[in-house]
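As structure tokens, the structure follows; a few thoughts come after it.
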Amino acid sequence: MSVNPQTHTGPPYGQPQPGYPGYLPPGYGGQPIPSVPASQYGAYNGPMTGYQPAGPPQGYFPTLGFSSKGSPVSLDSDASFAPNFLGSLRTPATSGAAASTSGTSVPPGQPLYSQFGQGDVHNGIPASTVQLQRPPQQFMPGTTPASANQPATFQQYGLPPTSTQQLTNHMAGMQIGGTSASVPALAGMSYGPPTSVPPASGSFTATGAGQYVSYANQGPPPPTIPQGLPPTSLSQGLPVAQAAVSGPPSAPHLSSQPPGFGPPPLSSGIGASSYAPAAGISRPPSMPAGSLPGSGLITSQPNHVTSPPPQPSMTGPLPGPPMAGLQGPPPTHPSQPAYAPQQNGSFGQNRGNQPNYGAAYSGPANYGSPPAPAPPPKRLDPDSIPSPQLNELPPQQKPRHRIDPDAIPSPIQVIEDDRNNRGSEPFVTGVRGQVPPLVTTNFLVKDQGNASPRYIRCTSYNIPCTSDMAKQSQVPLAAVIKPLASLPTEEIPPYLVDHGESGPIRCNRCKAYMCPFMQFIEGGRRFQCCFCSCVTEVPSHYFQHLDHTGRRVDYYDRPELSLGSYEFLATVDYCKNNKYPNPPAYIFMIDVSYNAIRSGLVRLICEELKTLLDYLPREGNMEESAIRVGFVTYNKVLHFYNVKSSLAQPQMMVVSDVADMFVPLLDGFLVNVNESRTVFTSLLDQIPEMFADTRETETVFGPVIQAGMEALKAAECAGKLFIFHTSLPIAEAPGKLKNRDDKKLINTDKEKTLFQPQTAFYNNLAKECVAQGCCVDLFLFPNQYLDVATLGVVPYQTGGSLYKYTFFQVETDQERFLNDLRRDVQKEVGFDAVMRVRTSTGIRATDFFGAFYMSNTTDVELAGLDCDKTITVEFKHDDKLNEESGALLQCAVLYTSCAGQRRLRIHNLSLSCCTQLADLYRNCETDTLINYLAKFAYRGILNNPVKTVRDTLINQCAQILACYRKNCASPSSAGQLILPECMKLLPVYLNCVLKSDVLQPGSEVTTDDRSYIRQLVTSMDVAETNVFFYPRLLPLTKVDFNSDSLPTAIRNSEERLSKGDIYLLENGLNIFLWVGVNVQQGLIQNLFGVSSFSQINSSMCVLPILDNPFSKRVRSIIEMFQSQRPHYMKLMIVKQEDKLDLLFKHFLVEDKSMNGGASYVDFLCHMHKEIRQLLS
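Pasting the structure below:
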């Protein structure tokens, strides 16, 4: 694969990878050995929870203690104790006619039915109203669609309000009067280990600000009957249901509103949704008759996310044995004499059974445990909101109010809206400061002067003019740059411009390269630099006249004058030692210790290399690749092989003095593939036999890298080492390591040492590798602790890649490993690269994140830079910016192509500047912001306690949202949570980062897993972090066989799953196929070729090839997902209630996690509390 723009290589984003001609991947198959620990199935072998009998975490909501003495509670919207949340409360029916939100009245007594039939979870966009006809390649990585507008009711007082803002004001002064004097305290959940139930009158002791409660035994949330106004502001709660309410309650709310003032147009969607229901779980119709006026106004301006009838679900178990799943009405509790519980364990109208279920839907069952009595209903109340850390509250008994999850901003809805609004038109880059479509939207780019968002994405496209304004908002100004990104086949790779001996035209002072923003003056004889304003003479050979607008007449003939991205052929001045480089080399270094031989790994690698070497990357029209190859095997000593074409048999040379590494041969070590084919094929046949009887278990590692680097140095070329390694290098040699893994350090100040390298040896070695242009790609096959934090240093600092296959077995893991190896060997890569980012006056690049080395403050050095690697750059102000001229970035990368050609790749981007905060907030990109924040946090844990890093993240995001609330939002009650329209997903995504294994590991996540994920995320692009932190979850029974479009995704929560459905979940590293226990027999037969749920073999890692439309479509979706991601995702079959079900639930990121991570609803409440504290 070449960096040559004339050919496009590498699988385009969003398209299945083309097959390699004449190169069939070996069939999948095989079963795992039963003795392998269950925890090691995942692609990154990530979190496998222990199988406690306790129920799974599902929808947990914090509680607030009301005193059991009878003081009436006035729920004023400014009430100091209650941050508002999204969603409507469960309320008793009041009398009076309900008015629909659209303003049409419903006669008294007539129930207002929603358009959702029973048996549907409203989640996202239905096929009936929105065309989802997207071909598969149009599904960008990481997509999940979003929740639609849904009807709700409020009781009208006076004239109907004319706008959302008026609605807010209309509700703001209302108070609840005459609440029932005494509210019995209900037996609540125990926080922490189940103990005896405490007395009901206990008062609530708040723990320090910012502490998360760890809920020990909680089941799924109770149902809500949403009533009230359209949501996107969190609304304050009532105490437990009372008999009657006189007067309207106040209306606190969560508003997602666009920056700027003034009410949005009424047409933006108050009222019944035009969306029909999506996938399969039954929800009851909304409660007939009067609703509480204003209980839950969520102003989402302009997109109203209105609350639908929610799905009923079961309340969680009491302390004591978890329950197996309720069937029928639960027993009543002595502590709640006044209420008759319904069959779903909640209070309110009786509901009939739902379609497809024999009995009332009891919510997701708590699997594998004996039944227990049902607890009282839980209600979400604002001030009991747990803060996100791990500590326990004393057991409490409190009533709870439940926020309706459908009322809070939905990632699925946002993704679907963007797709529908922006997926059909090409994104034309001619305009300054344009925010591109989301990474989850499939769109074409037309370069008209700014770099494509595939190369550069920014956290904001309208940046503050002053540093004071930037500090006030706390929005980080950063760009995520992917200089060699692969483009879809429909887009043209960057043109290669050759200026001959004189080389590229540059500014005399700042050395910026010619670009579309340079200003030609004096009839075209000179140009003024757009970065530093210096005036430079135009060389005579480059001179051209200007037209009447001051633009050169050859503007459209020169890519550097009219396009945002292009390449220059570099002259000899840009080369090391002023001489052109030799073509690069690839050296394959194979661990032949006992573990590697016994597992079959060595034989597998040798077999694969025989054919794979025909697919080395090559320059556009070249017949064959210019890359030369060499082979080394090692255990405690190194074996070099002479595979010169003139030899009849390969020759082996052993270097046992690993303390002073040298390369024993030059001629015959690095060879041309075609010339030496017979010799190296013979070698690859012999290696597995030669070491078949080895008993050597110890390995070295440092000398292996040294040997590869010395070989490249001797050959005077750059290149890449492919190292296949199995164990901790404990043999006596430079870079020897000891096992220092220590779980006791977790959550202490010394935890950071687990992420730091053990020794400085590898940092120094990495520095030498970078100087030589030696990039290291490391494939790890550990059966125990390997110290990824230390072994990963050289791949990380040389711009290489890291792959890890824990408990590797040929039968189950070869498909994943071979696909990763093929992609890694074939992908487009540049060597010996240096990247510099120039900016116009006023801002400068101050910080860099990614896999690279820096020897000074400006130059990012990469021994290798491939099409998957991103560098994230943060900018700071060093002067004032000007609204008229805006700000400019130019990223220049100097690299050697795979044919040995020295090139410069240039990307330019112009951004707008603003003096109003509202303009900043209107032009942010949350996905890019999360990419930056995750990398910032993952680097932070190298030097700070994890808790400090988590607190810093929460605080920064609270400041960003508080600044918006204070300076940009329309005036409203303090009880309202108001989010900027383009940042309304910041809380849900931030919570996913905080709950990730790196920042909040469960006990089953290994130190190596955490170091591995930390390193992967640091060089991910925005599309990869998006799907990694918020996985894509598709209901497969909704697949349309006749179309290439994918079914609308659903939200990552267990309560969205139906027992009668099959789901596909992917996060870029894992792909799961989840099968519910009640799936129809026909579907099981069509997909798995067996007749019942119990016969499905969950250890298979590939679906059988069956000749029916369902099987074909599902397999094509899985293959498409696998081809879109840089790491091949191994398929894992998860049967509901099976051992892998807990692992699967770890990825349902809107729910509370086993290791103490908050649910989305809890976290949103916590963020609201933080924002209110900042504002007060």
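Following the numbering used here, the numbering of the sequence shown begins with 4 at its first residue and continues without gaps. Cβ coordinates follow ideal geometry from the N, Cα and C atoms, glycine included. Keep in mind the model is a prediction, meaning the values are calculated, not measured.
- Task: Would you kindly report the start and end of the unbroken beta strand (DSSP E) that includes residue 1073?
- Result: Where residue 1073 is concerned, the enclosing beta strand (DSSP E) stretches over 1073 to 1078.
- Is the number of C-beta pairs between the segment 912 to 931 and the segment 459 to 477 that are closer than 8 Å three or more? yes
- DSSP bridge partner residues for residue 522 (one or two, in chain order): 531
- Query: CA-CA distance, residue 817 and residue 811?
  - Reply: 8 Å
- Item | Residue interval of the alpha helix (DSSP H) (run including residue 478) | Note, residue 478: premise wrong, no alpha helix (DSSP H); not H, not E.
- Do three or more CB pairs link the segment 1096 to 1104 to the segment 1131 to 1148 at distances below 8 Å? yes
- Task: Output the boundary residues of the alpha helix (DSSP H) element that contains residue 780.
- Result: Not the alpha helix (DSSP H): residue 780 falls in the beta strand (DSSP E), residues 777 to 783.
- Query: From what residue to what residue does the beta strand (DSSP E) around residue 660 run?
  - Reply: First-last for residue 660: undefined, no H or E at that position.
- Got a sec, what are the start and stop residues for the beta strand (DSSP E) residue 570 sits in? 568 to 572
- Query: Taking the alpha-carbon positions, what's the residue 117 to residue 1168 distance?
  - Reply: In this prediction, residue 117 scores a pLDDT of 40, lower than 50, which makes its location untrustworthy; the coordinate-derived value is nonetheless stated afterwards. Roughly 28 Å separates the two Cα atoms.
- Query: Between 536, 499, 526, which lies nearest to residue 511 when the distance is taken from Cα to Cα?
  - Reply: 536
- Query: Does the distance from the C-beta atom of residue 929 to that of residue 892 stay below 9 Å?
  - Reply: no
- Task: Classify residue 665 as buried or exposed, calling it buried when 16 or more other Cβ atoms lie within 10 Å of its own Cβ.
- Result: Exposed, because fewer than 16 other Cβ atoms sit within 10 Å of the Cβ of residue 665.
- When the Cα atoms are used, what is the spatial distance from residue 960 to residue 601? When rounded, the distance between both Cα atoms is 50 Å.
- Task: Would you check if there are 3 or more beta carbon pairs closer than 8 Å linking the segment 723 to 734 to the segment 695 to 710?
- Result: yes
- DSSP-derived helix/strand/coil call for residue 1000: Note: residue 1000 maps to coil in three-state DSSP.
- Query: Taking C-alpha atoms, which residue in 498, 690, 963, 574 lies nearest to residue 504?
  - Reply: That would be 574, whose Cα lies nearest to the Cα of residue 504.
- Option nearest residue 472 by Cα separation, candidates 1000, 1129, 1026, 916: Sorting 1000, 1129, 1026, 916 by C-alpha distance to the C-alpha of residue 472 places 916 at the top.
- Could you spell out where the alpha helix (DSSP H) holding residue 502 opens and where it closes? Neither: residue 502 is in no alpha helix (DSSP H) and is coded neither H nor E.
- Query: In the structure shown, what three-state DSSP assignment does residue 1098 receive?
  - Reply: helix
- Query: Hey, which unbroken runs of the alpha helix (DSSP H) at 4 residues or more fall wholly within the segment 953 to 1037?
  - Reply: 989 to 997, 1010 to 1021, 1025 to 1032
- Cβ neighbour criterion (16 or more within 10 Å) applied to residue 861: That one is exposed.
- Query: With respect to the beta strand (DSSP E) encompassing residue 913, which residues constitute its N-terminal and C-terminal limits?
  - Reply: 905 to 917
- So does the segment 873 to 882 actually touch the segment 479 to 489, counting three or more Cβ pairs closer than 8 Å? With a cut-off of 8 Å, the segment 479 to 489 and the segment 873 to 882 count as touching, because enough Cβ pairs lie within range.
- Message: Taking contact to mean 3 or more Cβ pairs, one atom from each stretch, closer than 8 Å, check whether the segment 675 to 686 and the segment 705 to 722 are in contact.
- Response: no
- Query: How should residue 798 be labelled, buried or exposed, when 16 other C-beta atoms within 10 angstroms of its C-beta is the threshold for buried?
  - Reply: buried
- Task: Let me know the beta strand (DSSP E) ranges lying completely inside the segment 597 to 631, each 3 residues or longer, listed in chain order.
- Result: none
- Item | Limits of the unbroken alpha helix (DSSP H) element including residue 1163 | 1163 to 1178
- Item | Residue from 619, 1054, 518, 1081 with nearest C-alpha to residue 454 | 518
- Contact check, residue 736 vs residue 856 under 8 Å by CB: the rounded distance? That pair is no contact at about 24 Å.
- Query: Straight-line CA distance for residue 1176 to residue 763?
  - Reply: 44 Å
- Query: So residue 620 and residue 872 are in contact, right, with Cβ under 8 Å, and what is the actual spacing, rounded?
  - Reply: Rounded, the Cβ-Cβ distance is 15 Å, inconsistent with contact.
- Item | Meets three-Cβ-pair contact criterion under 8 Å: the segment 647 to 666 and the segment 746 to 754 | no
- Message: Please list the terminal residues of the continuous beta strand (DSSP E) segment that includes residue 867.
- Response: 863 to 869
- Query: How many angstroms separate the CA atom of residue 467 from the CA atom of residue 411?
  - Reply: 29 Å
- Could you have a look at residue 1147 and say whether DSSP puts it in helix, strand or coil? helix
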